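Undergrad:
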Amino acid sequence: MKKPLIFDIKRGCIDDGDGIRTVLFFKGCPLNCSWCHNPESKKSEVEYFHGSETSIGKSYEFSELLSIIKEDAAYYEASGGGVTFSGGEPTLFMEYTGELAKILRENGISCTLETSGYFDFKDFQKLLLPYLDCILYDIKLIDSSEHIKYTGKDNKIILENLSLLSKEKIRTIPRTPLIPGITDTDENLDKISSFLHRLNLKEAHVKLMYNDGGLKKKQNLPL
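Residues 188 to 410 in our numbering are what the sequence shown spells out, letter by letter.
#1: So, for Ile335: in the same chain, excluding its five sequence neighbours on each side, which residues have a beta-carbon less than 6 Å away from its beta-carbon?
#2: Taking the C-alpha atoms as reference points, what is the distance between Thr284 and Ser332?
#3: Grab the span of the beta strand (DSSP E) containing Leu192 for me, first residue to last.
#4: Output needed for Phe249: all residues of its chain with C-beta closer than 8 Å, excluding positions within five of it in sequence on either side, in chain order.
#5: Taking 8 Å as the cut-off, does the region 225 to 243 touch the region 344 to 360 (at least 3 CB pairs, one atom from each stretch)?
#6: The alpha helix (DSSP H) spanning Leu252 covers which residue range?
#7: With distances taken from CA atoms, which of Leu253, Arg292, Glu232 and Tyr263 is nearest Pro191?
#8: Identify the continuous beta strand (DSSP E) that holds Ser297 and give its terminal residues.
#9: Quick one: what does DSSP say Asp325 is sitting in, helix, strand or coil?
#10: According to DSSP, what are the bridge partners of Cys200?
#11: Return the chain-ordered ranges of every beta strand (DSSP E) run that is complete within the region 360 to 398 and spans a minimum of 3 residues.
#12: Give me the Cα-Cα distance between Glu355 and Ala261, rounded to the nearest whole angstrom.
#13: Provide the residue span of the alpha helix (DSSP H) that contains Thr271, from first to last.
#14: In whole angstroms, give me the CA-to-CA distance for His392 and Leu386.
#15: Who are the near neighbours of Asp310 in its chain, counting only those whose CB is closer than 7 Å to its CB and skipping five residues on each side?
#16: Where does Ser231 fall in DSSP's three states?
#17: I'd like the span of the alpha helix (DSSP H) that includes Leu346, first residue to last.
#18: Go ahead and pull the three-state DSSP assignment for Phe213.
#19: On the CB-based measure, 16 or more other CB atoms within 10 Å of its CB, does Gly401 come out buried or exposed?
#20: Buried or exposed for Gly215, please, with buried defined as at least 16 other CB atoms from any protein chain shown within 10 angstroms of its CB.
#21: Between Pro217, Phe194 and Asp195, which lies nearest to Tyr305 when the distance is taken from Cα to Cα?
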């Protein structure tokens with residue numbers, strides 16, 4: 188089992204799924220979004236900020252994470268919250284993330300996944316999907332050439348995976364970050380709306396607050 192690095196654990200979050208949540212940020216991502224607000228999440232290996240001996244990312248045993256997560260169990264129960272897997276891209280570590288989600292479900296804790304959608308669907312369907320309650324699914328750009336330009340990857344697999352997910356019995360919420368001059372154009376948003384309508388997805392979100400803090404963090408990362 189490939190064990191990921193987790194570069195942050197945020198408790199008391201309210202913007203990454205229902206209720207009050209603990210968010211685990213996995214290190215490593217297949218995309219290279221030009222606006223990424225967590226540039227330290229892109230590489231899966233340990234890194235260090237310039238001028239610091241503190242590493243970015245730590246490996247955790249399941250028991251360690253469960254202990255941290257259960258500290259806020261009362262808040263999850265009271266608010267309908269739980270745990271959100273974020274990143275980076277948690278599906279890069281499908282077996283680990285799936286096993287963790289299974290353990291959390293056995294402990295009565297709901298799990299949400301934030302994903303770029305860039306993953307192997309068969310592995311996802313087998314290893315992770317059965318233990319999730321909700322998926323927050325990024326749809327950034329419809330045009331494939333634009334997607335390659337701004338994220339480094341074609342979006343074919345992302346659109347195909349969302350089409351497949353729309354047939355599964357799980358709450359899936361497409362989300363679009365509004366990046367000025369890139370994703371927030373009328374043409375892109377109209378095409379996204381048409382695509383989601385064809386899939387008969389009833390719920391979608393836009394992220395109105397573009398966070399440019401990643402630009403500052405990127406300056407402190409090694410080249």
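Every residue, glycine too, gets a C-beta built ideally from N, C-alpha and C.
It should be emphasised that the depicted structure is a prediction, and the values quoted were computed from it without experimental measurement.
TA: Let me spell this out:
#1: Reading the sequence shown from its first residue, position 148 is the one you call residue 335. The answer, listed in chain order, is Asp341.
#2: For the purposes of this step, residue 284 is taken as residue 97 along the sequence shown, with counting starting at 1. For the purposes of this step, residue 332 is taken as residue 145 along the sequence shown, with counting starting at 1. Rounded to the nearest whole angstrom, the CA to CA distance from Thr284 to Ser332 is 31 Å.
#3: Sequence index remark: in the sequence shown, residue 192 carries index 5 (1-based). In the DSSP assignment, Leu192 falls outside any beta strand (DSSP E), carrying neither H nor E.
#4: Looking up residue 249 in the sequence shown gives position 62. In chain order, Glu286, Leu287 and Ile290 place their CB closer than 8 Å to the CB of Phe249, counting only its own chain and leaving out the 5 sequence neighbours on each side.
#5: As far as the Cβ criterion goes, the region 344 to 360 does not touch the region 225 to 243, which means the pair count is below three.
#6: Your numbering for residue 252 matches position 65 in the sequence shown. That run of the alpha helix (DSSP H) goes Phe249 to Lys257.
#7: Taking the first residue of the sequence shown as position 1, residue 191 is located at position 4. Relative to the Cα of Pro191, the nearest Cα in the group Leu253, Arg292, Glu232 and Tyr263 belongs to Glu232.
#8: As a first step, residue 297 is located in the sequence shown; it is residue number 110 there, counting from the start. Taken as a continuous stretch (DSSP letters only), the beta strand (DSSP E) holding Ser297 covers Ser297 to Thr302.
#9: Position 138 of the sequence shown holds residue 325. Note: Asp325 maps to strand in three-state DSSP.
#10: As a position in the sequence shown, residue 200 is number 13, starting the count at 1. DSSP output for Cys200 lists Arg208 as bridge partner(s).
#11: Positions of the beta strand (DSSP E) runs, each at least 3 residues long and wholly inside the region 360 to 398, are given as 392 to 394 in order along the chain.
#12: If you number the sequence shown from 1, residue 355 lands on position 168. If you number the sequence shown from 1, residue 261 lands on position 74. Glu355 and Ala261 have their C-alpha atoms spaced approximately 30 Å apart.
#13: Taking the first residue of the sequence shown as 1, we reach residue 271 at position 84. Element bounds for Thr271: not the alpha helix (DSSP H) but the beta strand (DSSP E), Gly269 to Ser273.
#14: Here residue 392 corresponds to residue number 205 of the sequence shown, with the count starting at 1. Here residue 386 corresponds to residue number 199 of the sequence shown, with the count starting at 1. His392 and Leu386: Cα-Cα distance of roughly 15 Å.
#15: The count along the sequence shown starts at 1 and reaches residue 310 at position 123. Only residues of its own chain outside the window of five on either side were considered, and among them Met281 have a CB closer than 7 Å to the CB of Asp310, listed in chain order.
#16: Taking the sequence shown and counting its residues from 1, the one referred to as residue 231 is at position 44. DSSP places Ser231 in coil when its eight states are reduced to three.
#17: Numbered from 1 along the sequence shown, position 159 holds the residue referred to as residue 346. From DSSP, the alpha helix (DSSP H) with Leu346 extends over Lys343 to Leu352.
#18: Counting from 1 along the sequence shown, the entry for residue 213 is found at position 26. Here Phe213 sits in strand by DSSP.
#19: One-based indexing of the sequence shown puts residue 401 at position 214. The predicted position of Gly401 is uncertain, since its pLDDT is 45 and thus under 50; no value can be drawn from it.
#20: Position 28 of the sequence shown, counted from the first residue, corresponds to residue 215. With a threshold of 16 other beta carbon atoms within 10 Å, Gly215 meets it and is buried.
#21: Here the question's residue 305 lines up with position 118 in the sequence shown. Distances from the alpha-carbon of Tyr305 to those of Pro217, Phe194 and Asp195 put Pro217 closest.
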